[in-house]
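According to the numbering used here, the residues represented by the sequence shown are 85 to 221, in order.
These notes concern the structure reproduced below.
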Amino acid sequence: MKLVLDSDVLLDFLLARSGFVHEIDHLVQNQFEWGLNLATSACVLQNVHYIANRGGFTLPNEVMEMLLERITVIPVGGEHVRKALVFSDFEDAVLAYAAADWGADYLITRNIKDFRKIPEVTSCTPREFSALRGAKS
């Protein structure tokens with residue numbers, strides 16, 4: 085199963101954000117057992133690195149390397165950017181269209197309201213995905 089991770093859940097995981105880290109950590113810890121192909125875009129990784137550093141956290145290169153060993157970096161092209169131009173949350177729309185073209189089953193985010201405007205990909209929170217996954221076991 086293919087899952088694309090948004091920046092908010094990656095930040096939850098990498099910065100161990102209270103109240104949110106458990107949900108995404110559960111998903112990441114079960115990645116191989118559940119047969120999950122986790123992915124994100126290079127732009128999301130850039131944003132995660134920038135936001136963490138701006139917030140006073142240092143993400144060592146080893147942490148980013150560990151992340152790159154576990155996730156696929158999906159391609160983003162001009163066609164994704166063009167389609168996203170009509171959305172108020174441009175950045176999220178670009179990721180959603182790239183996720184759809186990659187064949188993602190779900191886009192994992194806490195920002196459901198913006199992603200649900202794009203019907204080409206199904207979005208859910210880490211908790212919702214774990215519940216869905218549990219129902220399919």
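Built from N, CA and C at the ideal position, the CB exists for glycine as well.
Between the beta-carbon of L98 and that of I192 there is about 14 Å, and that puts the pair past the 8 Å contact cut.
L120 and M85 have their alpha carbons spaced roughly 5 Å apart.
When Cβ pairs closer than 8 Å are counted between the two stretches, the segment 150-160 is seen to touch the segment 116-136, the count reaching three or more. Counting the other Cβ atoms within 10 Å of the Cβ of P203 gives fewer than 16, which makes it exposed. Here the alpha carbons of A136 and V147 stand approximately 12 Å from one another. Annotated as distal: F213 and D176, with beta-carbon spacing of 7 Å or more.
Of all alpha-carbon atoms in D173, R211 and V170, the one lying nearest the alpha-carbon of Y190 is that of R211. Here V205 really is in contact with A184; their C-beta atoms are around 4 Å apart, less than 8 Å. When only Cα atoms are considered, S172 and V165 end up about 13 Å apart. Nearest Cα to G140 within the set L95, K167, A180 and C127: L95. CA-to-CA, the gap between F104 and A215 works out to about 15 Å. DSSP places A123 within a strand segment (E or B) once states are collapsed to three.
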